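Visitor: This structure is in C-alpha cells; I'll ask about it shortly.
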Amino acid sequence: MKAVRFPSLEAEVAFLRGLTSVHRMADDILEDCFERGLDLDTALDVFLTQCARMVHAAAGFVMVRGTRGPVLTRVLGTLGADVFEVAKHSGPLRQQDGRMLFCTQLTLGKLNLGALGLLVEGSFEDGGQMVMALVEAIGEQLDSAMLGFLALMDGQGVLERLDALEVDENATPVPHGRIGRYEVVTPLGTGGMAQVLVARARGPEGLGRLVALKRILPHLSSDPVMVQQFLDEARIGLQLAHPNLVTVYDIGEAQGAYYIAMELVRGVDLHRMLHASKAPLPAAVAVAVVVQGLRGLHAAHLLQGEDGAPMNLVHRDLSPHNLMVGFDGRVKVLDFGVAKARAQRTVTLPGIIKGKPLYMSPEQARGERLDGRSDLFAMGLILYEALTGQCAFDRGDELTSLHAICDEALAWPESIPLPLWEVMSMAMAKRPERRFRTAQEMADRLAAVMPPVREEELSRFVSHRFPDRLRELGRLDRPPSGRASLAETRALASAKPSR
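For the numbering used here, count along the sequence shown from 1 and bump the result up by 21.
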C-alpha cells in the first residue's frame, strides 16, 4: 500500500479505525465459515457488503480467479460496468455517471487471485487517495483471509484449490455447511445486520424444503443490542400471517449464532425491477405492486398482542428493496427488522433516525412518534419512483434530502394521470392526519382510480424481464434427479407469451 498524506489528525484516526475494523471483521468472518463448514462465497458475500458500508460504496464486486479464469464472482448493488472488464484494472476509475470505481488486484506473491472493486460517489478533492488506500488495505486483508481459507482445502497449489470453487451453472447445487438443522445451499444477500442464505431444512418436518435462512453477522453476534434487535424481528415475524407478508417458520440458535428461517420468495425486488427497466413501470403494474404491499402492511398494522391489545406495529424502513415481486405474481413485504412495536424491548434513543432517508416520512425524519401512516408516506414515494424513474426527494446528500421531505412540495408530473396523482398526493401529505387513515383505504383508492394488473399478468411481466433469475431459482428447486420442480414448471409456463 502506498504512503498516504492525511489532511488532518482526525482523518488519520478515522482511516486507522477503518483499517482495524476490516482486520477484525475478516477474522470473525473467516472463523465463522470454518466453524460451520461454509464455502468461500458465503464469506465473500459478507466481507464485500460490510466493506462497502464502511466506505459508503453504492456497489462493489469481488472476483476470484483460478488457473482457467474467474471461478467465483460476487456483485453488490448496480455496478453499471462490465465486471469482467473492470476487474482487470487497478486504481481509481471514473465512471460515465461521475462515480468513482476503486479497484485493487488480489495477489499472493506473483500469483493473481482476482480483484476487488468498490463504487463510491463523491468529489474526491485528493483524487480519491484516501479511499484508494483503504480499498487497497481491504484487498490485502482479503488476500490473507483467502490464503487461510485455502490452506484447509485439498489441491496441489493455490490456483488449483481455487479451481475447486468453480460451479457448473447447470448442475444441481450441493449443500455445504450447516446451521442448526438447515443445510446451506448458497448465499442470497447480505445487509447491515444479517446475511440471508438459501438453505434446505432437514428433519421429520419440512423435509427438504428450501428456506431463506437469515443469520446475524458473525462480527455482530457478540453485540447485545444487535442480537436483541434481531430477536425482536424474529418474534414479530412469527406473529405475522398474510399472503403479502413473508412467512417466518422458525427461529433458533446454533453454535452461538442466531438465525431466522423464513419463506424463500422466488422473484426479484422492486429496486432491481426499476433499475433493470429503461423506462418507468406501466402504471397498472406499479399500482399492482404497491396495492399488494399495502394489503400486507394493513395486516401488520392491525396485529394484536397475546393480551388482545394493538401492537401498533410500524415498518419504518420501507423502500423498493423490501417489496419482493414473485414470479407467481404475488408481492411480499420484507424486513420488519427496524419495526417498532408496543411490546418491543429494544429501545431507540430519542432523536435517533433509523431507516432509509429517501423514503422517510417527515415525522420520521424529525425523530417524532410514528404510526402506520408513516408507512403510507413511504409507499407513496415508492409509487412515485416506480412511475417516474426518480426518487422524489433525492437532493444528493442525506441532510438536504431530509429537509426536502419535511418542507418541499412535489409538483404533479403530467405523465401520471391526475386521478392517480390525487391519491398519491394524499398519501404523501406532510402531516399524517391529512393522509389515508389505513393502508387498506389507500389500497382501495389506488385500485379504484387505476385498476392494477392481475397476479397472472404481473407474473408474466416479471418473468419476461428476468429469465436468468427465474432459471437460477429453478435450479435451486431442482431435485437430485435433475428434473424441473413443479414450481419451476409453472413459473416457466406463465412466462410464455399468450397468443
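Here a beta-carbon is modelled for each residue, glycine too, at the ideal position from N, C-alpha and C. Remember, predicted model here, so these are calculated numbers, not experimental data.
What residues are listed by DSSP as bridge partners for Ala278?
Guide: The residue you call residue 278 lines up with position 257 of the sequence shown. According to DSSP, which records beta bridges pairwise, Ala278 is partnered with Ala275.
Visitor: Does the distance from the CB of His336 to the CB of Ala321 come in under 8 Å?
Guide: Position 315 of the sequence shown, counting from 1, holds the residue named residue 336. Position 300 of the sequence shown, counting from 1, holds the residue named residue 321. Their beta carbons are under 8 Å apart, which means His336 touches Ala321 by this criterion.
Visitor: For Pro91, which three-state DSSP category applies?
Guide: Counting from 1 along the sequence shown, the entry for residue 91 is found at position 70. Strand, per DSSP.
Visitor: CA-CA distance, Met283 and Gly148?
Guide: For the purposes of this step, residue 283 is taken as residue 262 along the sequence shown, with counting starting at 1. For the purposes of this step, residue 148 is taken as residue 127 along the sequence shown, with counting starting at 1. If I take the Cα positions, the gap works out to 45 Å.
Visitor: Could you have a look at Ile373 and say whether DSSP puts it in helix, strand or coil?
Guide: Working through the sequence shown from its first residue, we reach residue 373 at position 352. Residue confidence for Ile373 is low, a pLDDT of 39 falling below 50, so the modelled location carries little weight; the figure read from the coordinates is stated next. In this structure, Ile373 counts as coil in the three-state DSSP scheme.
Visitor: On the DSSP bridge list, what partners appear for Glu204?
Guide: Sequence index remark: in the sequence shown, residue 204 carries index 183 (1-based). Per DSSP, Arg199, Arg221.
Visitor: Near Trp442, which residues of its chain fall below 6 Å by C-beta distance, leaving aside the five closest residues on each side in sequence?
Guide: As a position in the sequence shown, residue 442 is number 421, starting the count at 1. So the list reads Trp433, once near-sequence residues are dropped.
Visitor: Per DSSP, Thr421 forms a beta bridge with which residues?
Guide: Sequence index remark: in the sequence shown, residue 421 carries index 400 (1-based). DSSP lists no partner for Thr421.
Visitor: If you run the structure through DSSP and keep just helix, strand and coil, what is Cys124?
Guide: Against the sequence shown, residue 124 aligns to sequence position 103. If DSSP states are grouped into helix, strand and coil, Cys124 belongs with the strands.
Visitor: Going residue by residue through the stretch 52-111, where are the continuous beta strand (DSSP E) segments of at least 3 residues, counting only ones entirely within it?
Guide: As far as the stretch 52-111 is concerned, its whole beta strand (DSSP E) runs of at least 3 residues are 78-86, 91-97.
Visitor: Could you check which residue in Arg57, Phe251, Cys72, Leu51 has the C-alpha nearest to that of Gly198?
Guide: Sequence index remark: in the sequence shown, residue 198 carries index 177 (1-based). The residue with the shortest Cα to Cα distance from Gly198 is Arg57.
Visitor: Just to confirm before moving on: does the CB-CB distance between Val156 and Phe123 stay below 8 Å?
Guide: Against the sequence shown, residue 156 aligns to sequence position 135. Against the sequence shown, residue 123 aligns to sequence position 102. Against a cut-off of 8 Å, the Cβ pair of Phe123 and Val156 comes out as a contact.
Visitor: Using the Cα positions of Leu497 and Glu204, report the straight-line distance between them to the nearest angstrom.
Guide: Counted from its first residue, the sequence shown places residue 497 at position 476. Counted from its first residue, the sequence shown places residue 204 at position 183. Near 13 Å, if we compare the C-alpha coordinates of Glu204 and Leu497.
Visitor: Just reading off the alpha helix (DSSP H) that Met381 is part of, what are its end residues?
Guide: Counting from one through the sequence shown, the residue named residue 381 turns up at place 360. Counting along the chain, no alpha helix (DSSP H) covers Met381, and no H or E run does either.
Visitor: Could you tell me the alpha carbon to alpha carbon distance between Arg390 and Leu323, rounded to whole angstroms?
Guide: Taking the sequence shown and counting its residues from 1, one reaches residue 390 at position 369. Taking the sequence shown and counting its residues from 1, one reaches residue 323 at position 302. Using only the alpha carbons, I get a separation of about 18 Å.
Visitor: Anyone know if the C-beta pair for Thr15 and Phe82 falls short of 8 Å?
Guide: Here the chain has residues from 22 to 520 only, and residue 15 is not among them.
Visitor: Do Leu397 and Ala448 have their CB atoms nearer than 8 Å?
Guide: By one-based count along the sequence shown, residue 397 stands at place 376. By one-based count along the sequence shown, residue 448 stands at place 427. Cβ atoms of Leu397 and Ala448: closer than 8 Å.
Visitor: Would you identify the three-state DSSP class for Val267, choosing helix, strand or coil?
Guide: Within the sequence shown, the letter at position 246 stands for residue 267. In the three-state DSSP reduction, Val267 falls in the coil class, being neither helix nor strand.
Visitor: Okay, do the stretch 346-358 and the stretch 398-417 touch, 3+ Cβ pairs below 8 Å being the bar?
Guide: Segments in contact, no.
Visitor: Closer than 8 Å by C-beta to Tyr280: which residues in its own chain qualify, once you throw out the five before and the five after it? Chain order, please.
Guide: Working through the sequence shown from its first residue, we reach residue 280 at position 259. Only Ile200, Gly201, Tyr203, Leu234, Lys235, Arg236, Ile237, Ile272, Gly273, Glu274 meet the Cβ criterion.
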